[in-house]
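A.B. asks: Convert by adding 160 to the 1-based position in the sequence shown; the result is the number in the numbering used here. My questions all concern the structure below.
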Amino acid sequence: EDWKKHTDYQGLFERKGGDDKVVQWFWEIVSEEFDHEQRARLLQFSTGTSGVPSRGFSVLQSNDGKLRKFCINGIKKDISLYPRSHTC
161 EDWKKHTDYQ GLFERKGGDD KVVQWFWEIV SEEFDHEQRA RLLQFSTGTS GVPSRGFSVL
221 QSNDGKLRKF CINGIKKDIS LYPRSHTC
């Protein structure tokens, strides 16, 4: 829940945020289907680190040391069918 609570939604998900059906599916899979290792791998893919900060996602840092929220950015499928990640 801490991860979900400290997430921003952008692009196609900006308007509905956590109420978007695709976003709900994402969180359902992450929380109910993924084990600890799979969640760590997702975090590694999306942020560059597999560890949750000791004080939680509210203090997640980017590679420049600034606090950043985890972000889910919806893009049109004609741009890319595959997930993308960046840490800067």
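The beta-carbon is built from N, C-alpha and C at its ideal position, and this holds for glycine as well.
Report the option in ILE232, VAL182, HIS196, VAL183 whose CA atom is closest to the CA atom of SER206.
C.D. replies: Your numbering for residue 206 matches position 46 in the sequence shown. Looking at the Cα atoms, ILE232 is the closest of the given residues.
A.B. asks: Does THR209 come out as helix, strand or coil in the three-state DSSP assignment?
C.D. replies: Counting from one through the sequence shown, the residue named residue 209 turns up at place 49. Reduced to three states, the DSSP call for THR209 is coil.
A.B. asks: Identify whether LEU202 lies in helix, strand or coil by the three-state DSSP scheme.
C.D. replies: Position 42 of the sequence shown, counting from 1, holds the residue named residue 202. In the structure shown, LEU202 sits in a helix (DSSP, three-state: H, G or I).
A.B. asks: Could you tell me the boundaries of the alpha helix (DSSP H) in which GLN184 lies?
C.D. replies: Residue 184 sits at position 24 when you count from the first residue of the sequence shown. Per DSSP, GLN184 belongs to the alpha helix (DSSP H) from 181-188.
A.B. asks: Looking at the unbroken beta strand (DSSP E) that takes in ASP195, where does it start and where does it end?
C.D. replies: Here residue 195 corresponds to residue number 35 of the sequence shown, with the count starting at 1. Unbroken run through ASP195: none, as it is neither H nor E.
A.B. asks: Within a Cβ cutoff of 8 Å, which residues of the same chain sit near LEU203, ignoring the five residues on either side of it in sequence?
C.D. replies: Here the question's residue 203 lines up with position 43 in the sequence shown. Correct list, in chain order: THR209, SER210, GLY211, VAL212.
A.B. asks: Below 8 Å on the Cβ atoms is my guess for LEU220 versus PHE230; work out the distance and round it to an integer in Å.
C.D. replies: Against the sequence shown, residue 220 aligns to sequence position 60. Against the sequence shown, residue 230 aligns to sequence position 70. Between PHE230 and LEU220 the Cβ distance is about 6 Å, and since that is below 8 Å, they are a contact.
A.B. asks: Write down the C-beta distance between GLY292 and PHE186 rounded to the nearest angstrom, noting that I regard them as a contact closer than 8 Å.
C.D. replies: No answer is possible for residue 292: the residues shown for the chain start at 161 and end at 248.
A.B. asks: May I have the straight-line CA-CA distance separating GLN170 from VAL182, to the nearest angstrom?
C.D. replies: As a first step, residue 170 is located in the sequence shown; it is residue number 10 there, counting from the start. As a first step, residue 182 is located in the sequence shown; it is residue number 22 there, counting from the start. Their Cα atoms are separated by approximately 13 Å.
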